[in-house]
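Let me begin by presenting the structure, written as structure tokens, before commenting on it.
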Amino acid sequence: MLHLIVKYMWWVVPVLLLSACATPQPTLRGTGDLGVVIERATGQVQVIETSGRKSLAQVSGLGDLSHASVVFSRDGRYAYVFGRDGGLTKVDLLTATIAGRVVQAGNSIGGAVSQDGRLVVAQNYEPGGIKAFDAATLELVADVPADYGTEGKRSKVVGLADLPGNRFIYSLFDANEIRVTDLSDPKNPKTERYPAGKQPYDALVTPDGRYYIAGLFGEDGLSMLDLWQPAQGVRTILPGYGRGEQALPVYKMPHLRGWAVAAGRAYLPAIGRHEVLVVELGSWKEVARIPVKSQPVFVMARPDGREVWVNFAFPDNGWMQVIDTYTNRLVDTFQPGRAILHLEFTPKGEAVWISARDDNRVVIYDTGTRRKLAELPAASPSGIFFTSRAFRTGF
Amino acid sequence: MSHGAYRAVFLAFVAMVAGLPAAAQDASPQLQPQRIRELVHLVRQDCGSCHGLTLQGGLGPALTAPALRDKPREGLVATILGGRPGTPMPPFRGIVAEDEAAWIVDRLAEGFPADPGASR
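First to last, the sequence lines map onto chains Y and V.
124 is the number of the first residue of the first sequence in our numbering; add one for each residue after it.
1099 is the number of the first residue of the second sequence in our numbering; add one for each residue after it.
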């Protein structure tokens, strides 16, 4: 018996050894401290690690990333990257490879993941609407056009957010409407329509999924829908915040997301004004308006809510300011680099990663001392996204 | 007098002698290489935040050569300088000069150059 094995099966041992060498066992690791940095000019993303403050890998072939945004699978392993050109790419953070890619529209702006993690939904400018995909396979499961009027027009969709019950909420820039689409049965999407203010440009849902607030380009005020009492319809909050004054030219649209909520209030960029507006959730009373350096783009609360960090539109996009939410006063003004496009706090907020596009680097700051901790080279970096978003409604 | 000023005087003289208008309507403006670099970066990156880095469109319409083919040059120059009221298109007067706006429109019409990156 043994001599037969030696005679005919002698090759088994070397083959096993060789295959063991060819595919080394990957180091086991979690993904809770991982994220991606968009390198917008080259269509690449860097996979980064916040614990070691380092870049782990680069993934290319993601298309036009000029307005890229990212959401994460609920296991925190995959990043879904939405490109301007309608590309939706599923990136495996552990292997730094593309696990799937579809070009699903002509012009896309972002996406969201359903409450149960099974659907990834894209919001599109062209053709206007939302599309739902199987989060595992990227197979199209629902196509909901944002049609309006009687001439078959479709609106650009902005401000998409996930809601409890596998529902999605979004705004129609061209149709002055907020819509809620229920995708709990993706084959039969059900959409509710709510008339809203003029030209919603982006929106947020509060972290509890209750209030949806859309910023308006075409009117002084914001549109708010209470999702616990949707029958009440859309209400205008902070009406006339511009006090009838001529708005300044807007060189970059602000961005809204649940990060604007801190200490029971929402910190909102005033469009066409050098102000951050502070409104109390629920009563919708204006608490403060904080004069800032220029027109705010991202008004982002540190995860503990004690500070809000603000960056600005061109041509003042080299500046950042920090607001103390306890006093609603500015506590810092500094220049982290040239063309600050985005910032992202680590999950518990001890550090913030800031992209300086025209310096081709990401700078990392200690949020306690506001001192620079590290710099990472990146080609024309824009959005920075950490996997902690996977577990938050509205991200 | 700087080299550029000598050149301008010379060109004005030549134009006068030749009996041509000093600033010909259909000639694209001449700009300094450093300023060209800044304008290309501005258009690709900052106009690109609404019109897309590839200028295929976004919140704002596409600015590719085919998309602009039927649009009159003066109207496009006026849009860059004065914006379009009622839309998010802001006026860039004060950020780009009139001849720079015309230069941008001419480059868009022939397919806009790639961004060489921010100047040092």
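From the three backbone atoms N, C-alpha and C, an ideal C-beta is built for every residue, glycine too.
As the structure is a computational prediction, the values presented were derived from the model and not from experiment.
Mind checking whether residue i and residue j have CB atoms under 8 Å apart?
i              : j              : result
residue 1213/V : residue 1149/V : no
residue 227/Y  : residue 242/Y  : no
residue 456/Y  : residue 442/Y  : yes
residue 321/Y  : residue 297/Y  : no
residue 371/Y  : residue 338/Y  : no
residue 158/Y  : residue 185/Y  : no
residue 496/Y  : residue 507/Y  : no
residue 341/Y  : residue 361/Y  : no
residue 358/Y  : residue 376/Y  : no
residue 510/Y  : residue 155/Y  : yes
residue 332/Y  : residue 516/Y  : yes
residue 289/Y  : residue 239/Y  : yes
residue 384/Y  : residue 393/Y  : no
residue 525/Y  : residue 411/Y  : Nothing about residue 525/Y can be read from this structure; chain Y reaches only from 124 to 518.
residue 160/Y  : residue 485/Y  : yes
residue 201/Y  : residue 215/Y  : yes
residue 327/Y  : residue 380/Y  : yes
residue 266/Y  : residue 276/Y  : no
residue 325/Y  : residue 378/Y  : yes
residue 1137/V : residue 1175/V : no
residue 217/Y  : residue 329/Y  : no
residue 190/Y  : residue 1156/V : yes
Roughly how many angstroms lie between the CA atoms of residue i and residue j, to the nearest whole one?
i              : j              : result
residue 261/Y  : residue 368/Y  : 47 Å
residue 1119/V : residue 373/Y  : With a pLDDT of only 42 at residue 1119/V, under the threshold of 50, the placement of this residue in the model should not be trusted, and no figure is reported.
residue 1122/V : residue 1192/V : Residue placement at residue 1122/V is poorly supported in this model, since its pLDDT is 43, which falls under 50; the coordinates still yield a value, given next. Distance between the alpha carbons of residue 1122/V and residue 1192/V is about 23 Å.
residue 387/Y  : residue 499/Y  : 35 Å
residue 317/Y  : residue 247/Y  : 19 Å
residue 349/Y  : residue 462/Y  : 36 Å
residue 1153/V : residue 1146/V : 6 Å
residue 249/Y  : residue 494/Y  : 42 Å
residue 213/Y  : residue 195/Y  : 9 Å
residue 1205/V : residue 1211/V : 7 Å
residue 307/Y  : residue 354/Y  : 20 Å
residue 532/Y  : residue 449/Y  : The shown model of chain Y, from 124 to 518, leaves out residue 532/Y, and the question about it has no answer.
residue 1216/V : residue 458/Y  : 17 Å
residue 472/Y  : residue 274/Y  : 49 Å
residue 292/Y  : residue 181/Y  : 33 Å
residue 1197/V : residue 263/Y  : 48 Å
residue 390/Y  : residue 470/Y  : 20 Å
residue 304/Y  : residue 206/Y  : 23 Å
residue 1167/V : residue 1186/V : 22 Å
residue 223/Y  : residue 236/Y  : 16 Å
residue 164/Y  : residue 1151/V : 8 Å
residue 299/Y  : residue 1170/V : 31 Å
residue 1162/V : residue 452/Y  : 44 Å
residue 197/Y  : residue 203/Y  : 11 Å
residue 220/Y  : residue 252/Y  : 29 Å
residue 1183/V : residue 422/Y  : 26 Å
Run the proximity test for residue i: is its beta-carbon closer than 7 Å to any non-hydrogen atom belonging to the ligand COA?
i             : result
residue 442/Y : Of the ligands one can find in the structure shown there are none, so the ligand COA has no counterpart to examine.
In the DSSP assignment, the alpha helix (DSSP H) including residue i goes from what residue to what residue?
i              : result
residue 1171/V : 1171–1180
residue 1134/V : 1131–1139
residue 1202/V : 1196–1207
Between which two residues does the beta strand (DSSP E) harbouring residue i extend?
i              : result
residue 1149/V : Careful: residue 1149/V lies outside any beta strand (DSSP E), inside the alpha helix (DSSP H) at 1146–1149.
residue 318/Y  : 313–318
residue 496/Y  : 495–500
residue 1163/V : Not the beta strand (DSSP E): residue 1163/V falls in the alpha helix (DSSP H), residues 1163–1166.
residue 507/Y  : 504–509
residue 432/Y  : 430–435
residue 262/Y  : Unbroken run through residue 262/Y: none, as it is neither H nor E.
residue 414/Y  : 409–414
residue 477/Y  : 474–479
residue 347/Y  : 345–349
residue 419/Y  : 419–424
residue 457/Y  : 452–457
residue 178/Y  : 177–182
residue 335/Y  : 334–339
residue 198/Y  : Here residue 198/Y belongs to no beta strand (DSSP E), and DSSP marks it neither H nor E.
residue 390/Y  : 388–392
residue 368/Y  : Segment: none, residue 368/Y is in no beta strand (DSSP E) and carries neither H nor E.
With DSSP as the reference, identify every bridge partner of residue i, one or two as the case may be.
i             : result
residue 275/Y : DSSP output for residue 275/Y lists no bridge partner at all.
residue 442/Y : DSSP output for residue 442/Y lists no bridge partner at all.
residue 246/Y : 233/Y and 253/Y
Q. Does the stretch 231–239 of chain Y come close enough to the stretch 282–298 of chain Y that 3 or more CB-CB pairs lie under 8 Å?
A. yes
Q. Counting pairs of beta carbons, one from the stretch 490–504 of chain Y and one from the stretch 466–481 of chain Y, are three or more of them closer than 8 Å?
A. yes
Q: For the stretch 1195–1204 of chain V and the stretch 1127–1144 of chain V, state whether three or more C-beta atom pairs, one from each stretch, are separated by less than 8 Å.
A: yes
(Q) For the structure I just gave you, are there three or more beta carbon pairs, one from the stretch 429–444 of chain Y and one from the stretch 407–417 of chain Y, closer than 8 Å? (A) yes
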